[in-house]
Amino acid sequence: PQFVGGDGISFYLHGKSGQDFCIVFYSNLYVTTHFFGKRNPNMKRDFTWVQSLGILFDTHTLFIGAKNSLIWDDSNDHLSLGFNGELIT
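Start counting the sequence shown at 182; every next residue gets the next number (my numbering).
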């Protein structure tokens, strides 16, 4: 995945599918990500995408994640949100 900072500088992360990574660790702010992807034998590295973000700030937690879907249906919400352990609907 690629992240672009406020100053326009790009950061590229190459994670491993099915793994979690801490991408921000600062005082009272932590941001972790969960990666997913598939190995293509014709390529030198896996392509990975961020499936979810977990954010801890002060005493609060925020979860933002993509729900798995075998068949895409635009009428279904494919986003999962949570705050302090409670599902946001």
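In this text, a Cβ means the ideal position worked out from N, Cα and C, and glycines have one as well.
Small disclaimer: the values here were computed from a predicted structure and weren't measured.
What number of angstroms, rounded off, separates the C-alpha of G266 from the C-alpha of L251? G266 and L251: Cα-Cα distance of roughly 26 Å.
Three-state secondary structure (DSSP) at I252? Three-state DSSP puts I252 in coil, outside helix and strand.
Which listed residue (N249, T214 and F216) has its alpha carbon closest to that of N257: The shortest C-alpha separation from N257 is found at N249.
If you reduce the DSSP assignment to three classes, tell me which class T240 lands in. In this structure, T240 counts as coil in the three-state DSSP scheme.
Thinking C-alpha only, which one of T229, H215 and T214 is nearest N221? It is T229 whose Cα lies nearest to the Cα of N221.
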